[in-house]
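First residue of the sequence shown? That's 1178 in our numbering, and the numbers climb one at a time after it. Cβ atoms here follow ideal geometry from the backbone N, Cα and C, with glycine treated the same way. Small disclaimer: the values here were computed from a predicted structure and weren't measured. Presented below is the structure to which this report refers.
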Amino acid sequence: MTALRPLIAGNWKMNGLGSSLDEARAVAAAVDAHPPGARVAICPPATLVHRLAEALGGMGVEVGGQDCRAELAGAFTGDIAAEMLADAGATLVILGHSERRAGYGESDALVAAKAGAAHRAGLEPIVCVGETLAEREAGRTLAVVTGQVRGSLPEVLAGKPFAVAYEPVWAIGTGLTPTLEQIEEVHVAIRGVLAEMFGPHGQRVPILYGGSVKPSNAADILRLRDVGGALVGGASLKAIDFLGIIGAA
Ligand code: 13P
């Protein structure tokens, strides 16, 4: 079965104003000038999704959201439906990021409902999983992560485009990364669950690594077994750093 192109997605988190669009334009210009081996996406804050999609229209960088609500519409002040992201020009959406699981108590079931909504809206969900430091130290990493994968992916995604992102909570924004062996061990375990859940399609679902990915470590991480891309936080905010990671794919 042919491998999919790796996906390198930037998660801007709660960073970015109109002035930041220039960084994204610089990424897109470089990607268009020298098309990389990877698919590239930028997930800005919701306020910039439409502007970024307009600015990058027709260029080789996709735009994604960072969260959505499961419902189609209604009295949910402050929330955004998957359909709204799609209407604004997004093609992907990050779901179940640990900052949302921890900060907003998002459960696997809620993340699965959101992933179903993303599919309904025609978006490709990037569903995040990952263990805390306490869970790793207790030897529970594989149990936690595989449990999250089983609980956060609805059956409706069978045969549909989606990605999983493994982001160890303790490696996010800390400069710490697991060893290459630790990353590969978790990715192989996730692949096993995806194959069980989705059959041959599960063998092809991209599994991204996220957590302190930078130009200097990207190549080593991206060549590991069952690593199908990267979800990049801090290093996606500057075009030069993000392009260094894209170039490593
Ligand atoms: P950092 O790359 O800043 O560690 O963030 C990773 C992340 O949370 C991406 O979603």
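{"Item": "Contiguous alpha helix (DSSP H) assignments of at least 4 residues, all confined to the segment 1205-1235", "Value": "1223-1232"}
{"Item": "Alpha carbon of residue 1409 to alpha carbon of residue 1353, nearest angstrom", "Value": "14 Å"}
{"Item": "Coil, strand or helix - residue 1246 by DSSP", "Value": "strand"}
{"Item": "For the ligand 13P, residues whose Cβ lies under 6 Å from any non-hydrogen atom", "Value": "1188, 1274, 1344, 1349, 1350, 1387, 1388, 1389, 1390, 1408, 1409, 1410, 1411, 1412"}
{"Item": "Distance CB(residue 1285)-CB(residue 1328) smaller than 9 Å", "Value": "yes"}
{"Item": "Under the three-state DSSP convention, the category residue 1392 falls into", "Value": "helix"}
{"Item": "Chain-order list of residues whose beta-carbon lies under 7 Å from that of residue 1401 (same chain, five-residue window excluded)", "Value": "1357, 1360, 1361, 1364"}
{"Item": "Top-ranked residue by Cα proximity to residue 1391, from 1235, 1426, 1370", "Value": "1426"}
{"Item": "Any 3 or more C-beta pairs closer than 8 Å across the segment 1224-1244 and the segment 1266-1275", "Value": "yes"}
{"Item": "Candidates 1398, 1379, 1371, 1225: closest to residue 1199 by CA position", "Value": "1225"}
{"Item": "DSSP-derived helix/strand/coil call for residue 1406", "Value": "strand"}
{"Item": "Residue closest to residue 1330, alpha-carbon to alpha-carbon, out of 1407, 1344, 1295", "Value": "1295"}
{"Item": "Contact under 9 Å by Cβ, residue 1309 with residue 1346", "Value": "yes"}
{"Item": "Inter-residue spacing [alpha-carbon to alpha-carbon] between residue 1265 and residue 1366", "Value": "35 Å"}
{"Item": "Endpoints, alpha helix (DSSP H) assigned at residue 1360", "Value": "1357-1375"}
{"Item": "Nonlocal neighbours in the same chain, by C-beta distance under 6 Å from residue 1287, ignoring five residues either side", "Value": "none"}
{"Item": "CA nearest to the CA of residue 1389, picked from 1184, 1219, 1188, 1253", "Value": "1188"}
{"Item": "Presumed contact (8 Å Cβ cut-off) between residue 1257 and residue 1232, rounded CB distance", "Value": "Their Cβ separation, rounded to whole angstroms, is 20 Å, which puts residue 1257 and residue 1232 out of contact at 8 Å."}
{"Item": "Short Cβ contact (9 Å threshold) for residue 1184 with residue 1205", "Value": "no"}
{"Item": "Close-in-space but distant-in-sequence residues of the same chain around residue 1260 (CB under 7 Å, 5 per side omitted)", "Value": "1249, 1298"}
{"Item": "Beta-carbon separation (whole angstroms), residue 1290 vs residue 1230, contact threshold 8 Å", "Value": "The pair is not a contact, with the Cβ atoms about 25 Å apart (cut-off 8 Å)."}
{"Item": "Reference residue 1382; option with closest CA among 1209, 1334, 1312", "Value": "1334"}
{"Item": "Secondary structure, alpha helix (DSSP H): runs of 4+ residues fully inside the segment 1275-1357", "Value": "1275-1281, 1285-1297, 1310-1314, 1318-1329"}
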